[in-house]
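So the sequence lines, in the order shown, correspond to chains A and B.
Residue 134 in our numbering sits at position 134 of the first sequence; the count goes up by one each step and never skips.
Residue 75 in our numbering sits at position 75 of the second sequence; the count goes up by one each step and never skips.
Every residue gets a Cβ at the ideal spot worked out from N, C-alpha and C, and that includes glycine.
Model, not experiment: these values are computed from the prediction.
Comments concern the structure below.
There are 2 protein chains.
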Amino acid sequence: MASVATVNVTEAPSYDPFERGCPSRDLLDRIGDKWSILVLGALGQHGRSRFTDLRKRLAGVSEKMLTQTLRALERDGLVLRTVYPEVPVRVEYELTPLGVTLRGPVKALTEWSLEHTTEVLAAREEYDDRANRGG
Amino acid sequence: MASVATVNVTEAPSYDPFERGCPSRDLLDRIGDKWSILVLGALGQHGRSRFTDLRKRLAGVSEKMLTQTLRALERDGLVLRTVYPEVPVRVEYELTPLGVTLRGPVKALTEWSLEHTTEVLAAREEYDDRANRGG
DNA sequence: GCAGGTAGCTCACTTTTGGGAAGTAGCTGC
DNA sequence: GCAGCTACTTCCCAAAAGTGAGCTACCTGC
Chain A
1 MASVATVNVT EAPSYDPFER GCPSRDLLDR IGDKWSILVL GALGQHGRSR FTDLRKRLAG
61 VSEKMLTQTL RALERDGLVL RTVYPEVPVR VEYELTPLGV TLRGPVKALT EWSLEHTTEV
121 LAAREEYDDR ANRGG
Chain B
1 MASVATVNVT EAPSYDPFER GCPSRDLLDR IGDKWSILVL GALGQHGRSR FTDLRKRLAG
61 VSEKMLTQTL RALERDGLVL RTVYPEVPVR VEYELTPLGV TLRGPVKALT EWSLEHTTEV
121 LAAREEYDDR ANRGG
């Protein structure tokens, strides 16, 4: 096996998130993750940041989750991790050029949820009301 | 009903997804959900669809997950569910006007993942390689 | 009177996820 | 020579999510 004779990577192979097992679906799932979106958002807004700063900014995230999320984003080439071997070690995270291309979509999603939270909350109340009175 | 005396919905209260327990964070999480994004995408592309059509289109989704996702989206006012009490009952789902406003953000995210899957896959390989050779 | 077709719901079970606490490493200042 | 700092990593356990099969309801056609 292996013997990949003619590799042509100029055009992306046709991925389809609606197909099971498609890597684009995995990717979509990964970046749609709760903490990933917030990390991406925070790094998009504030630029390079240290671990503890991110931790403070994403109120409620556990160390474990933050590390895990950052690792995954680094592995996916979206976040660059730089270690400064100083006295107490310093680590900084920032978006890679690829990560920067995600800023737009993530911002759009975040802003949408900000703008429409009220409406959604109202819709939920109405739905629950209707359910309760047996509508 | 409900005697809503002075409702002023012009300005949204200040929500912040970076705060724990903020409804906008919940909402972000909800719409960032794997199946939610795909359902929203499918309904955005094809318009009103029946349950079984959606099931076929979202390859690999289980009935339970699809029902659950559709219910959540309906509750949030993003999807409209219409039941036609015909011979074998027919149910159709479509985006509400609020759901339509989400089309843009969801499309942006989906297209981003389509366009950048190759790069991310490459980044992953590189990362894993480096890890394996103890980089 | 029973299979067939739609759109679910329910239940038992497995897998995954996430929290919290404790441990690690390397140097520093007292 | 030991606490203290940062940035993790590891472990255990509880909770949540997801799977698959079987059940419901209603009418139809044979």
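Under 8 Å between C-beta atoms of residue i and residue j
i        : j        : result
Arg30/B  : Ser36/B  : yes
Leu43/B  : Val79/B  : yes
Ala59/A  : Arg20/B  : yes
Gly77/A  : Val120/B : yes
Pro105/B : Ala131/A : no
Asp33/A  : Gly32/B  : yes
Ala123/B : Arg75/A  : yes
Where residue i falls, given that 16 or more other Cβ within 10 Å makes a residue buried
i        : result
Pro17/B  : buried
Ser113/A : buried
Thr110/A : buried
Thr52/B  : exposed
Beta-carbon proximity list for residue i, same chain, < 8 Å, skipping 5 on both sides
i        : result
Arg55/B  : Val61, Glu63, Leu66
Arg90/A  : Arg50, Val83, Tyr84
Glu94/B  : Leu43, Gly47, Arg48, Ser49, Val79, Leu80, Thr82
Thr96/A  : Gly77, Leu78, Val79, Leu80
Arg57/A  : Ala42, His46, Ser49
Arg103/A : Leu40, Gly44, Leu95
Arg133/B : none
Same chain, Cβ closer than 6 Å to residue i, five either side skipped, listed in chain order
i       : result
His46/A : none
Asp26/B : none
Leu73/A : Val79
Tyr15/B : Cys22, Ser24
Thr69/B : Trp35, Ser36, Val39
Glu92/A : Arg48, Arg50, Thr82
Met1/A  : Low local confidence applies: a pLDDT of 48 at Met1/A is under 50, so the model's placement there is unreliable, with the coordinate-based value given in what follows. Nothing listed; no residue qualifies.
Spatial neighbours of residue i in its chain, beta-carbon cut-off 7 Å, leaving aside the 5 residues before and after
i       : result
Val87/B : none
Closer than 7 Å: residue i CB and nearest the ligand ADP heavy atom
i       : result
Tyr15/B : For the ligand ADP, the structure offers nothing, since it holds no ligand at all.
For residue i, the nearest candidate out of the options (CA to CA)
i        : options                                : result
Arg153/B : Asp128/A, Pro13/A, Thr101/A            : Within the shown structure, residues of chain B are numbered from 1 to 135, placing residue 153/B beyond reach of any answer.
Ala115/A : Glu125/B, His116/B, Gly99/B            : Position check: residue 115/A holds Glu in this sequence, whereas Ala was assumed. Nearest of Glu125/B, His116/B, Gly99/B to Glu115/A, Cα basis: Gly99/B.
Leu101/B : Arg103/A, Arg133/A, Glu126/A, Thr117/A : Inspection of the sequence shows that residue 101/B is occupied by Thr rather than by Leu. Thr101/B has its Cα closest to that of Thr117/A, out of Arg103/A, Arg133/A, Glu126/A, Thr117/A.
Quick one: which residues of the segment 57–82 of chain A get their C-beta closer than 8 Å to a C-beta of chain B? List them in chain order.
Arg57, Leu58, Ala59, Gly60, Glu74, Arg75, Asp76, Gly77, Leu78
Name the residues in the segment 89–100 of chain A whose C-beta lies less than 7 Å from a C-beta of chain B; which are they?
Leu98
Determine which residues of the segment 43–54 of chain A have a Cβ less than 9 Å from any Cβ of chain B, and write them out in chain order.
none
Taking beta-carbon pairs under 7 Å, can you tell me which members of the segment 109–120 of chain A lie near chain B?
Leu109, Thr110, Trp112, Ser113, Leu114, Glu115, His116, Thr117, Thr118, Glu119, Val120
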